[in-house]
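Colleague: The sequence shown lines up with residues 85 to 355 when you count with our numbering.
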Amino acid sequence: MTGQRIAVVTGANQGIGRALVEELAARWTADDLVLLTGRDPGRVSAAAAAVSGVARVEGRVLDVTDTAAIADLAASLGAVDVVISNATMRITPERTQVEQADEFIAVANGATHAVLRSFPPILRPGGRLIIVASSLGTLRNLDPTLHPLFEGASLDEVEAVVSKWQAAVHDGTAAAQGWPEWINIPSKVAQVAAMKAVARERREQDLAEDRLIAAVCPGLVDTPTSRPWFDDFSRAKTPTRAARDVLDFVLASPVDPAKYGELVRDGKALR
85 MTGQRIAVVT GANQGIGRAL VEELAARWTA DDLVLLTGRD PGRVSAAAAA
135 VSGVARVEGR VLDVTDTAAI ADLAASLGAV DVVISNATMR ITPERTQVEQ
185 ADEFIAVANG ATHAVLRSFP PILRPGGRLI IVASSLGTLR NLDPTLHPLF
235 EGASLDEVEA VVSKWQAAVH DGTAAAQGWP EWINIPSKVA QVAAMKAVAR
285 ERREQDLAED RLIAAVCPGL VDTPTSRPWF DDFSRAKTPT RAARDVLDFV
335 LASPVDPAKY GELVRDGKAL R
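#1: Exposed or buried, what is D290 when buried is set at 16 or more other beta-carbons lying within 10 Å of its beta-carbon?
#2: Could you pull the DSSP bridge partners for V93 from this structure?
#3: Using CA atoms only, rank isn't needed, just tell me which of L226, D340 and T113 is closest to S271.
#4: Are the beta-carbon atoms of A171 and V148 separated by less than 9 Å?
#5: Could you tell me the alpha carbon to alpha carbon distance between F333 and E285, rounded to whole angstroms?
#6: Which word fits L250, buried or exposed, when buried means at least 16 other C-beta atoms lie within 10 angstroms of its C-beta?
#7: With three or more beta-carbon pairs closer than 8 Å as the criterion, would you say the region 189 to 209 touches the region 149 to 166?
#8: Span of the alpha helix (DSSP H) holding L226?
#9: Alpha carbon to alpha carbon, how far is S247 from D350?
#10: So the alpha helix (DSSP H) I356 belongs to, where does it begin and stop?
#11: Do Q275 and T196 have their CB atoms nearer than 9 Å?
#12: Between A103 and V138, which are expected to be in contact by the criterion C-beta below 8 Å, what is the C-beta distance as a whole number of angstroms?
#13: Using 9 Å as the threshold, is the C-beta distance between G236 and A299 below it?
#14: Check whether the Cβ of D294 lies closer than 8 Å to any heavy atom of the ligand ADP, and answer yes or no.
#15: Near E243, what residues of its chain come up, given a Cβ to Cβ distance below 7 Å and the 5 sequence neighbours on each side ignored?
#16: Given a threshold of 16 other Cβ atoms within 10 Å of its Cβ, counted over all protein chains shown, does P177 qualify as buried or as exposed?
#17: Might you give, ordered along the chain, the residues of its own chain that have their beta carbon closer than 7 Å to the beta carbon of A356, omitting 5 neighbours on each side?
#18: Assuming I267 and F188 form a contact by the criterion Cβ under 8 Å, report the distance between their Cβ atoms to the nearest whole angstrom.
#19: What residues match up with V348 in a beta bridge as DSSP calls it?
#20: Going by DSSP, name the residue or residues bridged to V145.
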């Protein structure tokens, strides 16, 4: 990467997203630009102003459920070096999974699909596009009868599967079709499958030009999103530690072909 580098991080007001912005700003130079994005103007402005580092950090308002806004951001930049799709909707135990499904899927899956459509075409040689996912995104977390829906699927096909699963959640037929009750599992599997679909089409050219498209699992991180669901945080990472581990992988060059188009946790591809 030469000249000014540009990074975009979604869901960057707090937690891992903000830590990723802070770590990028510390590692990059004063010529570089890191865009900290989120949907609340006040929180975006405050978060961007609080980041100290070498690279320039700018806040950009971006509602990732607005797919046109994602496309517009990509078009306005024209070229980009690092894109980290990190936005997520917090699930809480106080509400049913069905009640939270539409909001969660719009952010976790709709936004992922939009990022994967809009940003790969403007990724510079040496660029990186990363989907922050989870180890829940491996197919082994789903009933084997559902695996063919995702294996070798195109991005359009993954999107169609997500739509049908979402409808099944609402009409009460999801369990009978083999889907797990916890919506985070199918959502993460679909995130990884969507990434794989795009990476599969671009693999040869991307590796020739040192580009990386992959998903990462940062592991258990102590954030407000994970707090309601786990009792033991003694081995959890801080957002800062998680961001450093993620960026150690993301910024490594040249790209390891064995990790291109894969879900990676702690430097190892998960399958």
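Think of the CB as a built atom: it goes at the ideal place given N, C-alpha and C, for glycine as much as any other residue.
Modeller: Here's the rundown:
#1: Along the sequence shown, one-based indexing puts residue 290 at 206. Classification for D290: buried.
#2: Position 9 of the sequence shown holds residue 93. Answer is L120 and I168.
#3: Indexing the sequence shown from 1 puts residue 271 at position 187. S271 has its Cα closest to that of L226, out of L226, D340 and T113.
#4: To locate residue 171, count along the sequence shown from 1; it is residue 87. To locate residue 148, count along the sequence shown from 1; it is residue 64. The answer is yes: Cβ separation under 9 Å.
#5: Start at 1 with the first residue of the sequence shown, and residue 333 comes out as number 249. Start at 1 with the first residue of the sequence shown, and residue 285 comes out as number 201. If you take the alpha carbons of F333 and E285, they lie about 22 Å apart.
#6: As a working note, residue 250 is residue 166 in the sequence shown. First, the residue type needs correcting, since residue 250 is Gln and not Leu in the sequence shown. Classification for Q250: buried.
#7: yes
#8: As a first step, residue 226 is located in the sequence shown; it is residue number 142 there, counting from the start. Premise fails: L226 is in no alpha helix (DSSP H) and is neither H nor E.
#9: On the sequence shown, position 163 is the one that residue 247 refers to. On the sequence shown, position 266 is the one that residue 350 refers to. The alpha-carbon atoms of S247 and D350 are separated by roughly 31 Å.
#10: Nothing can be reported for residue 356: it is not among the residues displayed for the chain, which extend from 85 to 355.
#11: As a first step, residue 275 is located in the sequence shown; it is residue number 191 there, counting from the start. As a first step, residue 196 is located in the sequence shown; it is residue number 112 there, counting from the start. Yes, they are a contact pair.
#12: Translated into positions along the sequence shown, residue 103 becomes position 19. Translated into positions along the sequence shown, residue 138 becomes position 54. The pair is not a contact, with the Cβ atoms about 16 Å apart (cut-off 8 Å).
#13: As a position in the sequence shown, residue 236 is number 152, starting the count at 1. As a position in the sequence shown, residue 299 is number 215, starting the count at 1. No, they are not a contact pair.
#14: The ligand ADP is not part of this structure, which contains no ligands at all.
#15: Here residue 243 corresponds to residue number 159 of the sequence shown, with the count starting at 1. So the qualifying residues of the chain are H197.
#16: Here residue 177 refers to the residue found at position 93 of the sequence shown. So P177 ends up on the exposed side.
#17: What the structure shows of the chain is the stretch from 85 to 355, and residue 356 is not part of that stretch, so it cannot be assessed.
#18: The residue labelled residue 267 in the question sits at position 183 within the sequence shown. The residue labelled residue 188 in the question sits at position 104 within the sequence shown. With 8 Å as the limit, I267 and F188 qualify as a contact, their Cβ atoms being about 6 Å apart.
#19: Locating residue 348 in the sequence shown gives position 264, where the first residue counts as 1. Beta-bridge pairing links V348 to V300 and A353.
#20: One-based indexing of the sequence shown puts residue 145 at position 61. V145 pairs with G122.
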